[in-house]
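The structure under discussion appears below in the form of structure tokens.
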Amino acid sequence: MRHVPDDPTFADVLAANAAYTRDFRLGGLQATAARGLAVLTCIDSRIEPLALLGLCPGDAKILRNAGARVTDDVLRTLVLASYLLGVDRAMVIAHTNCRMAAGGEDEVHDAVEAAGGPDTRSLAFLVTDDQEATLHEDVQRIRSWPYLERLRVGGFLYDVESGRLTQLC
Ligand SMILES: [Zn+2]
């Protein structure tokens, strides 16, 4: 393994990892999801997917992207999780105060540019102005995907202020 010397960018987390390995207890875990669960949620750093569902490492497959959207890559991953990794139920968890549900696509492009970024108008950020309707559509997209017929799916909203999870569909 090649060692990258003296790169301060990740020094804090590499030091933490060295400490982590001293008390490491997950070495015997199986790669399959012990609770048969896949969870798709947003990248928002206020969300602790395992903790908010009472799960431990090894219990569930966690998928994350901006806005917890059901993309082609999510579908691809769910097919693998469903047939090879023990998953038979999936939760799509949107959350309150999500940047991807506040305003339109143009506003996000403008915000990126205002932050010194490039013109991103060739990208689709999958922003929604009706979060609940979008959640229903995304859940339905999984339910109607022919490869995922045996997967049970639910749509949920997580409140980042109270920690409460509510099933919407
Ligand atoms: Zn979000």
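Going by our numbering, the first residue of the sequence shown is number 4, and it counts up by one from there.
Cβ coordinates follow ideal geometry from the N, Cα and C atoms, glycine included.
Values in this document were obtained by computation on a predicted structure and should not be read as measured data.
DSSP-derived helix/strand/coil call for Ile65: strand
Given 7 Å as the limit, tell me if Gly57 has its C-beta closer than that to any heavy atom belonging to ligand 1. no
If contacts are defined as beta-carbon pairs under 8 Å, then Val111 and Val130 qualify, I think. What distance do you get, rounded to the angstrom? 6 Å
How many angstroms separate the CA atom of Pro60 from the CA atom of His139? 28 Å
Residue list, Cβ distance to ligand 1 heavy atoms smaller than 5 Å: Cys45, Asp47, Cys101
Can you grab the Cα-Cα spacing for the pair Gly106 / His98, in whole Å? 15 Å
Go to Arg79, then tell me how far its alpha helix (DSSP H) extends in each direction, as first and last residue. 75-87
Under 8 Å between C-beta atoms of Gly89 and Gly30: no
Spatial neighbours of Val42 within its chain, please: CB distance less than 6 Å, with the 5 preceding and 5 following residues excluded, ordered by chain position. Pro52, Ala63, Ile65, Met94
Quick check: does the Cβ of Leu83 come within less than 7 Å of any heavy atom belonging to ligand 3? You won't find ligand 3 in this model; what it holds is ligand 1.
Can you give me the Cβ contacts of Cys172 inside the same chain, cut-off strictly under 6 Å, excluding the 5 residues immediately before and after it? His139, Val142, Gly158
Could you compute how far the alpha carbon of Leu151 sits from the alpha carbon of Asp10? 43 Å
Assign Thr12 to buried or exposed, taking buried as 16 or more other Cβ atoms, counted over all protein chains shown, within 10 Å of its Cβ. exposed
Quick one: using the 10 Å Cβ neighbour count with 16 as the cut-off for buried, is Ala117 buried or exposed? exposed
Continuous beta strand (DSSP E) stretch holding Tyr161: start and end: 155-161
In terms of residue numbering, what span does the alpha helix (DSSP H) encompassing Ala114 cover? 108-117
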